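Numbering (this note's numbering), first residue to last: 5 to 283.
Note that beta-carbon positions come from the ideal geometry of N, C-alpha and C, so glycine has one too.
All of these numbers come straight from a predicted model, not from anything done at the bench.
Right, dumping it as structure tokens:
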């Protein structure tokens, strides 16, 4: 291999991969949908038909899941996910502002992307730098907000968050147990909503460790200058009660609790999500 070929190979490796765009349909204001861990754009199955009459809806598969690439040696850090999302949005050549919607892990990725936009850059500077439109509004669905237990004063909330983090650590450390139980859960949910297999094991455990267990979502939300809507199901098992208190108090954040809904975007929650986007 020549020196030039080696150099180009290194360049290609350092360049963030493009994500699979599963849906690009409808006309009108743009809405970009980013799903969560061990899932795919099918997460938004109930949402897309409700949005496309009035919006251009773009749904992507995040890095390592769905039909998106899973690069060799990728650590699936938040910056890896955000870099791939940013590269994909640039490739769409959007010029107008857009609503960015994230579900679960996708909410952490999306919020970090939007926070980058606000780091001393105005909308025009961001467009010049990235060649894409700016985020006009954030909608976070079922965000797994876990503040470090050492920063939590309420002992009950601290105990709940600590239990969640210990559970995630257990799942990562016990592959056979996790995969066996995942196969059972998969059969109980709508097809494609949750798929944890040998193929997605590495993206799953690394994303969990580097993005969910070690997260920046609270500081990222605090840094945003755009409205943020948080939608969550009253029965969402991935949300530790009391863990979102810190973001509930932020003036630019509006909370929406959906009764009789869990972590999955079912019909009831889908309608709330669409109403929030259209409001």
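Item: Local conformation of residue 141 per DSSP, three classes; Value: strand
Item: Beta-bridge partners of residue 237, as assigned by DSSP; Value: 262
Item: Range covered by the beta strand (DSSP E) that runs through residue 27; Value: 25–29
Item: The stretch 67–74 in contact with the stretch 94–106 per 3-pair CB rule at 8 Å; Value: no
Item: Three CB pairs or more closer than 8 Å across the stretch 32–48 and the stretch 192–202; Value: yes
Item: Unbroken stretches of the beta strand (DSSP E), 3 residues or longer, contained in the stretch 59–106; Value: 60–64
Item: Buried or exposed by the 16-neighbour rule on C-beta atoms within 10 Å, applied to residue 212; Value: buried
Item: For residue 50, the nearest candidate out of 257, 276, 270 and 283 (CA to CA); Value: 270
Item: Residue 323, enclosing beta strand (DSSP E) - first and last residue; Value: The structure shown does not extend to residue 323, since the chain spans only 5 to 283, so no value can be given for it.
Item: Buried versus exposed call for residue 60 [16 or more other C-beta atoms within 10 Å across all chains shown]; Value: buried
Item: Local Cβ density within 10 Å of residue 110, reported as buried at 16 or more and exposed below that; Value: buried
Item: Alpha-carbon spacing of residue 251 relative to residue 227, whole angstroms; Value: 11 Å
Item: Proximity of residue 265 and residue 237 at Cβ, strictly below 8 Å; Value: yes
Item: CB of residue 38 within 8 Å of CB of residue 106, strictly; Value: yes
Item: Closest Cα partner of residue 167 within the set 21, 253 and 243; Value: 243
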